[in-house]
Amino acid sequence: MLSSTIIWREITLKKESRFRLIKHLTFLENELKDYKTFETLSWKEYNDDRGKRRNVERWIENIINSSIDIAKLILTSEDHPLPDTYKDVVKNLSLVSDFNEEGIEKLSRWVSLRNIISHEYLDIRWTSIQKFISESKPFYKDFFKRVEKYLKKFPEEM
18 MLSSTIIWRE ITLKKESRFR LIKHLTFLEN ELKDYKTFET LSWKEYNDDR GKRRNVERWI
78 ENIINSSIDI AKLILTSEDH PLPDTYKDVV KNLSLVSDFN EEGIEKLSRW VSLRNIISHE
138 YLDIRWTSIQ KFISESKPFY KDFFKRVEKY LKKFPEEM
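End of the sequence shown = 175 in the numbering used here, gap-free, step of one.
Written as structure tokens, this is what we have:
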């Protein structure tokens, strides 16, 4: 009896993890659509318009936080321990066969931008934000595709 209870619990947890992974992936997909919204953002707009500044900073935080949450779910599902830092959480996705080391390494570098947005001066933040907008898109799109591929390995009835 105990054995069947444990098996049922594991299946339920996997089902819950899958649901959460799909939820985070859907959220990330919607956020990735907003790259085009911010591609033309200028320093003047960022500096002068508090609304645009808040929107771009929140958008970046959403993308980065979503990738962290997805990484945690996948690492946990694969029975990998969670590292102490968010950057290492994302970096450790390279331990999972569906994620290549080079792409994940580059993706993990963006995690530190969360702290820059919260604590640095406007001109320092702008440089990092501008770089994120112009350079990160291919890595997050690749990450999205790899998570989709990862999900397809597991049947929905899990």
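Just so you know, even glycine gets a beta-carbon here, dropped at the ideal spot from N, CA and C.
All values reported here derive from a predicted model rather than from experimental measurement.
Name the two residues that bound the continuous alpha helix (DSSP H) containing residue i.
{"i": "phenylalanine 55", "result": "52–55"}
{"i": "tyrosine 63", "result": "60–65"}
{"i": "glutamate 122", "result": "118–126"}
{"i": "asparagine 132", "result": "130–136"}
{"i": "valine 107", "result": "103–108"}
{"i": "lysine 170", "result": "Taken as a continuous stretch (DSSP letters only), lysine 170 belongs to no alpha helix (DSSP H), as it is neither H nor E."}
{"i": "glutamate 152", "result": "139–152"}
Assuming residue i and residue j make a contact with CB atoms under 8 Å, what is their CB distance in whole Å?
{"i": "valine 106", "j": "proline 100", "result": "6 Å"}
{"i": "phenylalanine 161", "j": "glutamate 46", "result": "6 Å"}
{"i": "isoleucine 85", "j": "valine 164", "result": "Isoleucine 85 to valine 164, Cβ: 13 Å. No contact."}
{"i": "lysine 108", "j": "serine 129", "result": "Going by Cβ atoms, the distance from lysine 108 to serine 129 rounds to 12 Å, so no, they are not a contact pair."}
{"i": "serine 125", "j": "isoleucine 133", "result": "Not confirmed; about 15 Å, so no contact."}
{"i": "phenylalanine 177", "j": "arginine 35", "result": "In the structure as shown, the chain starts at 18 and stops at 175, and residue 177 therefore has no counterpart that could be examined."}
{"i": "tryptophan 143", "j": "isoleucine 81", "result": "Not a contact, Cβ separation roughly 17 Å."}
{"i": "leucine 90", "j": "histidine 136", "result": "Not a contact, Cβ separation roughly 27 Å."}
From the DSSP output, in three-state form, read off residue i for me.
{"i": "phenylalanine 44", "result": "helix"}
{"i": "valine 164", "result": "helix"}
{"i": "isoleucine 24", "result": "For isoleucine 24, the pLDDT reaches just 46, beneath the cut-off of 50, and the residue's location in the model is therefore unreliable, leaving the point undetermined."}
{"i": "proline 100", "result": "coil"}
{"i": "aspartate 115", "result": "coil"}
{"i": "glutamate 95", "result": "coil"}
{"i": "methionine 175", "result": "Annotation note: pLDDT 41 at methionine 175 (below 50); position unreliable, coordinate value reported separately. Coil at methionine 175, not helix or strand."}
{"i": "aspartate 86", "result": "helix"}
Indicate whether residue i and residue j have their beta-carbon atoms separated by less than 7 Å.
{"i": "lysine 53", "j": "glutamate 62", "result": "no"}
{"i": "glycine 120", "j": "aspartate 159", "result": "yes"}
{"i": "aspartate 115", "j": "lysine 166", "result": "yes"}
{"i": "phenylalanine 156", "j": "isoleucine 77", "result": "no"}
{"i": "serine 83", "j": "phenylalanine 44", "result": "yes"}
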